[in-house]
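Q: Residue numbers (my numbering), protein chains in the order written: chain A, 1 to 310; chain B, 311 to 595; chain C, 596 to 962.
Note that beta-carbon positions come from the ideal geometry of N, C-alpha and C, so glycine has one too.
Can you keep this structure in mind? I'll have questions shortly.
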Amino acid sequence: MAVDAPTRSPGDGPPVLEGTSEVATPGLEREAERAKARQGFLLGLPTIVYLLLFFVIPLGFVVAYSFATRTRSGRTELRDFNLDAYARLGDDIVMTVAWRSLWMAVVATLICLVLAYPLAYYISTRSPMVRNLMLVGVMIPFWSNFLIRTYAWRVLLDSDGLVTQAFEFIGLGDGRILFTSNAVILGLVYGYLPFMVLPLYAAIERIDWSLVEGARDLYASGWSAFRRVVWPLSRPGVIAGSILVFVPSFGAYVTPAILGGNKEGLLGSYIVLQFLSARNGPVGSAVSVVVLAVMLVATLVYFRSGGKNL
Amino acid sequence: MSKGVAKSTAEPQGFSRWLLRGHSLGVFVFFYAPIVVLCIFSFNDSNAVGNWNGFTLGWYEALFDNDNIQSSIWVSVKVCVFSTVIAVVLGTAGALALERFRWWGQKAFDAVLYLPIIIPDVTMAVMMLVFFNEAAGWLDWIPGIDLQDGLEKLVLSHVAFNISFVSVVVRARLANLDASMEEAAADLYANRWQAFRRVTLPQIMPGVIGGALLAVTISLDDVVVSSFVSAVGGTPLSVFVFGMLRKGVSPLVNSVSVVMLAASMALVLASLVISRASGSEREER
Amino acid sequence: MKAMKKWMRLVALLAVLGVVAASCGSDEESAGADCEAGETDGDLAFFNWSEYMDPDLITAFQDEFGVTVTEDFYPSNEEMFAKVSAGGTGYDVIVPSDYMISILVSEGMILELQKDAIPNHVNVSDKFNDPPFDPGSVHTLAYQWGTTGIGVDLGVTGPDVPLTWGLLFDADLAEEYGLSGRISLLDDPRETVGAALKYLGYSLNSTSADELAEAEAVIADAVSRVAAFDSDQYSELVVAGETIVGHGYSGNFLWDFEEGESEYTYFVPDEGGTKWVDGMAILVDAPHPCTAHAFINFLLDAENGAQLTNYNWYASPNAASEQYIDQEVLDNQIIYPSQATMDRLEFIEDTGDFEIEYTDALTRARG
Chain A
1 MAVDAPTRSP GDGPPVLEGT SEVATPGLER EAERAKARQG FLLGLPTIVY
51 LLLFFVIPLG FVVAYSFATR TRSGRTELRD FNLDAYARLG DDIVMTVAWR
101 SLWMAVVATL ICLVLAYPLA YYISTRSPMV RNLMLVGVMI PFWSNFLIRT
151 YAWRVLLDSD GLVTQAFEFI GLGDGRILFT SNAVILGLVY GYLPFMVLPL
201 YAAIERIDWS LVEGARDLYA SGWSAFRRVV WPLSRPGVIA GSILVFVPSF
251 GAYVTPAILG GNKEGLLGSY IVLQFLSARN GPVGSAVSVV VLAVMLVATL
301 VYFRSGGKNL
Chain B
311 MSKGVAKSTA EPQGFSRWLL RGHSLGVFVF FYAPIVVLCI FSFNDSNAVG
361 NWNGFTLGWY EALFDNDNIQ SSIWVSVKVC VFSTVIAVVL GTAGALALER
411 FRWWGQKAFD AVLYLPIIIP DVTMAVMMLV FFNEAAGWLD WIPGIDLQDG
461 LEKLVLSHVA FNISFVSVVV RARLANLDAS MEEAAADLYA NRWQAFRRVT
511 LPQIMPGVIG GALLAVTISL DDVVVSSFVS AVGGTPLSVF VFGMLRKGVS
561 PLVNSVSVVM LAASMALVLA SLVISRASGS EREER
Chain C
596 MKAMKKWMRL VALLAVLGVV AASCGSDEES AGADCEAGET DGDLAFFNWS
646 EYMDPDLITA FQDEFGVTVT EDFYPSNEEM FAKVSAGGTG YDVIVPSDYM
696 ISILVSEGMI LELQKDAIPN HVNVSDKFND PPFDPGSVHT LAYQWGTTGI
746 GVDLGVTGPD VPLTWGLLFD ADLAEEYGLS GRISLLDDPR ETVGAALKYL
796 GYSLNSTSAD ELAEAEAVIA DAVSRVAAFD SDQYSELVVA GETIVGHGYS
846 GNFLWDFEEG ESEYTYFVPD EGGTKWVDGM AILVDAPHPC TAHAFINFLL
896 DAENGAQLTN YNWYASPNAA SEQYIDQEVL DNQIIYPSQA TMDRLEFIED
946 TGDFEIEYTD ALTRARG
């Protein structure tokens, strides 16, 4: 990480220019800025190189595939570049699938936020030892194995599963939950909840509580102190967590298959079907590229606007 | 920043305090419900997962007799450790470069850093597959890179998505941290590295640890990318289990899970005890 | 604007890089050195369906030839194809199904077998020696075969169920036997759309858009009564009581029926259905082609072939094995269907561009 260990720090100008300080200051600042820019670039360089080699170039292949041609036998050939694959994205079926995936991902993200925020808040008010224990406690279930956990949910949600029985007992719906869209949402929430808890915790833990104290003196009510101080300060965590949950939910295909019985097409399954069953590399790639572009734009716009509505 | 004093402000009083506690307990029940099911059924004397048929240790015996599963566990562990370490270093550096500096090309880097997170698993899987095939020849000149090696391909692709996850978490931590402390430290200490190690790193540590935990989880859990990238003898556990599911989930997979859980819990407890010992020493100073 | 241009240039550059890299890709077919019968040239990497091989056979091969066998598993033909089509995976022997074999052959991805190195190839029954997907069995030799049909929990439906695909698709039958929400279909465009085509009396390899549209309507109508589209767990679901009828492969149902407490049956509907054969093939870029030949020869041995069938309860294409196969397996009409049933079965064949239509039909039918 110590890519660059320059001894100069911003603001240290060479003293020789003292006499002409009024004229030279802008130049010096610019130089200092440039030095800092160089440091930043060098610090980021290994990461940039890595991502360029092992992500951007591979991504280039997918982009190229999306303009390529499928041979009769299902091989993707990089010739006769065309927009056919993109033309198919307007199909009703793709739209239906995309909207349904969007809806599910939004619901899952909101539920995760509602579940995770109080937990993250609670954890960050504990003593360091308890805090660490609880954080690890959040992670441990996720070190078993995704598929095995999801199958365990199947046992809980099936016709005579514990959860189904409990719901029937308290009169909340009847019949099994397995193979419904509720089961899918539950699976998504379960699967990605730690992705919400961790960044939230990281953000809340860092809050300077003396500010909150001040706010409480000012507003009296704990709730408005929370709304006006804690919540805004924790927003970076909310944004990071929401992205980490929303994105995999949007492209999920294992959870819908196992818990939802794959009855309703979702975007993730659609892409898998295109790549594997139809062996239609161009369309699979085109869907992926569009999803990627939309998500990237949404994410960036969201950051620019400071995520005011979350 | 005297947290001890302000703790009383942080924790709500009265009814909402109990609400908060109850909620946290509830979420933990949610986390562990399937884990409990999984543990119970690993002792089930039946081939099917769902129906209880009596107690047996047979699945654990089967696990210890099964070389394939054991070697796949080792593959998973190795890939997880290597990819997490590399991703944490690169991801933290990337986060710092973005949050603490202004430089040319930063916006583009920022955008690219998000891509691995927002890309659908299967797209990532296909692109790594195509890439490793096409690139095997012209990347071999880089020392230490051998794209014929299944393990290495797994590590390289896991790092590719984990960098971003680490950096997102670290950036969330960095965003509101007061940079003036670091700048003061930069003046105080001889160089930026020292300033980083003494001031910045301790402050962002919770973010770094959070990122590392996330990376471990994602690496262990990844099925889709791994199943496309893995090669002969380099089958990680998740991919192995995926294959087993095809012909039915036997409680054997549950026993695998329980062993993995027990091992990771032991590891974590050990590290907590160690860090507690060294931590209390530091606090006394 | 300027930034935009820069991005465009980057994209264009990457696309070009892709083209160049792809055109440098290896297409050369390795001639493959001649192998003697029983000759080995290193350890074997075997890429197979999971739980499709008796581990004892692997051990026996290792002991006899003094090589190590690494076995990896794949869950579907498509995933196997996606992986090996990239090349350089290091696998020697794969076990693709019928339609996948024709794709692999047309893509030049599997070797012509050296029959001299596989003296046991004469054991393969005539019925499997000249399959439509690999004329003359040039590239593959049959491993196991089976059928796709319906598994039923007779404890719920009563002993007399009509032997028709209607159990999966027909609203009246679902009403009569209380099947609503208790049906599973395979999550596989060719199998599921194929079953609907058969139900309508068409070929399951139909390339008629009208017939396909009819089949799509049949599935769309059934979706509200379907619990799940599942290609992995269909038999467990029936045994666990979660479903009553399931669409799936013969051997898996048999295997799981042993575990259940109810009465079960499996049948291929009277309208006809799918039969499938998995064949053993050697990849063009196999690092150890001679060991691969020796391995195929080993599995085609009469007694070894019988051991395999006794283990996984799929039928053996090995004629010489018959005398060693357990009588209860041979007598089982589910594993070895009658000639009358056999005559109604079809192989799934590759339909080229029409594969896309099958996939779309199933996606649309699900809504």
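Do you know offhand how far C:TRP908's Cα is from C:GLN928's?
A: 12 Å
Q: So, with DSSP's three-state summary, where would you put C:HIS913?
A: Strictly speaking, residue 913 of chain C in this sequence is Asn, with His absent from that position. Strand at C:ASN913.
Q: Chain A beta carbons: is any one of them nearer than 9 Å to that of C:GLY776?
A: Closer than 9 Å: yes.
Q: Go through its chain and collect everything with a Cβ distance to A:LEU89's Cβ below 7 Å, but skip five positions before and after it.
A: Cβ-Cβ distances below 7 Å link A:LEU89 to ALA286, VAL287 and VAL290 in the same chain, with the five nearest sequence neighbours on each side left out; the list follows chain order.
Q: Report the neighbours of B:MET434 on chain C: residues whose CB is nearer than 8 Å to its CB, in chain order.
A: Per Cβ cutoff of 8 Å: no residues; B:MET434 is ~13 Å from chain C at best.
Q: Taking a Cβ distance cut-off of 8 Å, strictly less, list which residues of the segment 510-540 of chain B are near chain C, in chain order.
A: SER537, PHE538 and SER540
Q: Have a look at the DSSP bridge pairing and note the partners of C:VAL872.
A: The bridge partners DSSP lists for C:VAL872 are C:TRP740.
Q: Does the count of Cβ pairs from the segment 153-167 of chain A and the segment 328-348 of chain B closer than 8 Å reach three?
A: Using a C-beta cut-off of 8 Å, the segment 153-167 of chain A makes contact with the segment 328-348 of chain B, since at least three inter-stretch Cβ pairs fall below that distance.
Q: A:VAL254 and A:PHE142: beta carbons closer than 9 Å?
A: no
Q: Is the separation between the beta-carbon of C:GLY834 and that of C:GLY776 shorter than 9 Å?
A: Inspection of the sequence shows that residue 834 of chain C is occupied by Val rather than by Gly. No, they are not a contact pair.
Q: Shortest alpha-carbon distance to C:ILE713 belongs to which of C:LEU903, C:VAL733 and C:GLY836?
A: C:VAL733
Q: Give the secondary structure of A:TYR86 by DSSP, where H, G and I count as helix, E and B as strand, and everything else as coil.
A: helix
Q: Please name the residue in B:ASN564, B:SER529 and B:ILE427 whose C-alpha comes closest to that of B:LEU466.
A: B:SER529
Q: Is the Cβ of C:ASP680 closer than 9 Å to any Cβ of chain A?
A: With the sequence shown as reference, residue 680 of chain C is identified as Ser, and Asp is not the correct amino acid for it. Residue contact with chain A for C:SER680: present (Cβ-Cβ distance below 9 Å to some residue of chain A).
Q: Going by beta carbon distance, what residues of the same chain come within less than 7 Å of A:ALA215, once the five residues before and after it are set aside?
A: ALA225, ARG228 and VAL229
Q: Where does B:ILE455 sit, in a helix, a strand or coil, going by DSSP?
A: coil
Q: Measuring straight from C-alpha to C-alpha, what distance separates C:GLU624 and C:VAL879?
A: Caution is warranted here: a pLDDT of 40 is assigned to C:GLU624, below 50, making its placement in the model unreliable, and no coordinate value can be reported.
Q: Please report the straight-line C-alpha distance between C:VAL688 and C:ASP638, rounded to a whole angstrom.
A: 12 Å
Q: Under a CB-based cut-off of 9 Å, is C:THR869 close to chain A?
A: Residue-level contact check: C:THR869 does not touch chain A, since none of the beta carbons of chain A fall below 9 Å from its beta carbon.
Q: Taking just the CA atoms, how far does C:GLY703 sit from B:ASN443?
A: 17 Å
Q: Report all residues from its chain with a CB closer than 8 Å to the CB of B:GLY368; omit the five preceding and five following residues, and keep chain order.
A: ASP355
Q: Which residues share a DSSP beta bridge with B:GLU483?
A: At residue 483 of chain B the sequence reads Arg, which differs from the Glu that was named. Paired residues: none, contrary to the question.
Q: Kindly identify the DSSP beta-bridge partner or partners of C:GLU702.
A: Per DSSP, none; premise fails for C:GLU702.
Q: Exposed or buried, which one is B:GLY324 when buried takes at least 16 other CB atoms within 10 Å?
A: exposed
Q: Is it true that the CB of C:ASN800 sits closer than 9 Å to the CB of C:THR663?
A: Cβ distance not < 9 Å, so C:THR663 and C:ASN800 don't count as in contact.
Q: Could you check what DSSP says for B:ILE528 in three-state terms: helix, strand or coil?
A: Here B:ILE528 sits in helix by DSSP.
Q: Residues in the segment 407-437 of chain B with C-beta within 9 Å of chain C's C-beta atoms, listed in sequence order?
A: LYS417, ALA418, ALA435 and VAL436
Q: Chain A beta carbons: is any one of them nearer than 9 Å to that of C:GLU624?
A: Any reading at C:GLU624 must be qualified, since the residue scores a pLDDT of 40, below 50, and its modelled position is unreliable; the value itself is stated next. Closer than 9 Å: no.
Q: Count the other C-beta atoms from every protein chain shown that fall within 10 angstroms of the C-beta of C:LEU762, then say buried if there are 16 or more, exposed otherwise.
A: buried
Q: Mark B:LEU329 as exposed unless 16 or more other C-beta atoms lie within 10 angstroms of its C-beta, in which case mark it buried.
A: When all chains shown are included, B:LEU329 counts as exposed.
Q: Quick one: which residues of the segment 271-282 of chain A get their C-beta closer than 8 Å to a C-beta of chain C? List them in chain order.
A: LEU273, GLN274, PHE275, LEU276, SER277, ALA278, ARG279 and ASN280
Q: From which residue to which residue does the alpha helix (DSSP H) around C:ALA677 run?
A: 672-679
Q: A:ALA225 lies in the alpha helix (DSSP H); which residues open and close that run?
A: 222-225
Q: Since C:PRO691 meets chain B, which of its residues come closer than 9 Å, beta carbon to beta carbon?
A: Within chain B, no residue comes near C:PRO691; the closest Cβ sits about 15 Å away, beyond 9 Å.
Q: Across which residues does DSSP place C:ASN643 in a beta bridge pair?
A: C:PHE668
Q: I want to see whether chain B comes within less than 9 Å of A:PRO58, judged by CB atoms only; does it?
A: yes
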